[in-house]
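The opening residue of the sequence shown carries number 0 in numbering that gives the first Met the number 0; numbering runs sequentially from there. Notes for the one structure printed next.
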Amino acid sequence: MMISALRDRLSVRDVRRTMVNRLMLTILMLASVVAIFPLISVLVYVIQQGWPALNRDLFLLLPRPVGEVGGGMGHAFLGTLILISMASAVGIPLGIGVGLYLSEYGIGKIAVWLRFAIDLLASTPSIIIGIFAYALLVVPLKHFSALAGSLALAIMMIPTVARTTEELLKLVPIHVREAGLALGLSRRKVILRIVLRGSIGGIMTGVMLAVARAAGETAPLLFTAFNTSFWPKGIFEPIASIPVQIYNYAISPYDDWHQKAWAGALVLVLFVLLLNVMTRLILQRKPTVRE
């Protein structure tokens, strides 16, 4: 009797646990669908609006004069690539370096104030960063330039890369570092070859987030790179970009420019998506073991 009653209790508990487990899984799945729905809605709407105006001329031609139909945004696409490349060359190494310092050597008042500064910089509105770059480069040079625009974007990229690097390196167990040191490696080699290399996947995710944010910023570029209707002429000259060109087309009264604005938005979204997919594919490859 006691054994059968115990079995009945256990069976009831198992059924209850199974029901609760299924209920929680259902709730999690519904939450995932709700979280993904806005992203899918934005993608579908942008594709519907921008696909009809997506053609070869959009990437190869310059804008037509006001009121004329046709032309493209080739100068804006090239300008965005130039700005992102220059900003990444500065912002990504600095961000990774700051993250390494805070993770491996960040003890004391300097580290506390540096973390505070990084957090404050991450929460600073982008337009304020644009004004800072404007005062630092545009005013002394007395003209807008690609250099000023890339500086503003680089400043915006630093906190995201730095905090991502720091948090991911902290997840590496301390015994991994100790094992490297016990094998006779210097601390620098342990950090670069073991700790940093083992966290490169997560760090690259943070880098892609920083690049994606910089690629879609408009306000800082209005104060720094401004805009132009011609092909880029140099880093000390004004340069066009996709976000600013989309903004100019979107506020215009011309339907043709509105369609090009949607096409530019579609290309920008696809660029960020392709960048993330390529990064995932590259990181999935197993590194070769070196002797």
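We put the beta carbon where it would ideally sit given N, CA and C, even for glycine.
How many whole angstroms separate the CB atoms of residue i and residue j, which I take to be in contact at a CB cut-off of 8 angstroms?
i: L82; j: G73; result: About 15 angstroms separates the two Cβ atoms, so there is no contact after all.
i: I202; j: L152; result: With 8 angstroms as the limit, I202 and L152 do not qualify as a contact, their Cβ atoms being about 19 angstroms apart.
i: T223; j: V137; result: 6 angstroms
i: V243; j: L220; result: 5 angstroms
i: P231; j: G70; result: Not quite, the Cβ-Cβ distance comes to about 17 angstroms (not below 8 angstroms), so this is no contact.
i: T164; j: G98; result: 3 angstroms
i: A209; j: M277; result: No, A209 and M277 are not in contact; Cβ-Cβ is about 16 angstroms, not under 8 angstroms.
i: D255; j: V65; result: Not quite, the Cβ-Cβ distance comes to about 11 angstroms (not below 8 angstroms), so this is no contact.
i: V291; j: V45; result: With the chain covering 0 to 290 only, the question about residue 291 has no answer from this structure.
i: I154; j: V175; result: Wrong, their Cβ atoms sit about 33 angstroms apart, outside the cutoff.
i: M85; j: S149; result: 4 angstroms
i: S125; j: A218; result: 5 angstroms
i: G110; j: A132; result: With the sequence shown as reference, residue 110 is identified as Ala, and Gly is not the correct amino acid for it. The pair is not a contact, with the Cβ atoms about 27 angstroms apart (cut-off 8 angstroms).
i: F225; j: F143; result: 4 angstroms
i: A134; j: E236; result: Rounded, the Cβ-Cβ distance is 19 angstroms, inconsistent with contact.
List the endpoints of the continuous alpha helix (DSSP H) containing residue i.
i: K169; result: 145–169
i: H174; result: 173–181
i: A121; result: 108–121
i: I130; result: 125–132
i: A239; result: Per DSSP, A239 belongs to no alpha helix (DSSP H) and is neither H nor E.
i: I250; result: Counting along the chain, I250 falls outside any alpha helix (DSSP H), and DSSP gives it neither H nor E.
i: V206; result: 199–214
i: L136; result: Counting along the chain, L136 falls outside any alpha helix (DSSP H), and DSSP gives it neither H nor E.
i: L184; result: No alpha helix (DSSP H) holds L184; DSSP gives it neither H nor E.
i: F222; result: 218–222
Starting from residue i, follow its DSSP beta bridges and name the residues at the other end.
i: G70; result: P62
Would you mind working out which of the options sits nearest residue i, comparing C-alpha positions?
i: S87; options: M207, R114, R187, K232; result: M207
i: F229; options: L53, I35, L59, S31; result: L59
i: L42; options: I241, P231, A262; result: A262
i: S102; options: T25, L195, I154; result: L195
i: A260; options: S240, N275, L182; result: S240
i: F270; options: I106, L29, S185, G215; result: G215
i: A264; options: Y248, D118, R162; result: Y248
i: L38; options: L146, L280, L272; result: L272
i: G96; options: I173, N20, A161; result: A161
i: I245; options: V89, L57, S10; result: L57
i: R63; options: T227, V266, P237, E236; result: T227
i: V266; options: D118, A52, L29; result: A52
i: I117; options: S31, K108, G94; result: G94
i: I238; options: G179, P172, A75, G107; result: A75
Can you find a heavy atom of the ligand ZN that lies under 8 angstroms from the Cβ of residue i?
i: L113; result: Absent from the structure shown: the ligand ZN. Ligands present: none.
- Task: Output the residue ranges of the alpha helix (DSSP H) runs that lie fully inside the region 15–60 and measure 4 residues or longer, sorted by chain position.
- Result: 55–59
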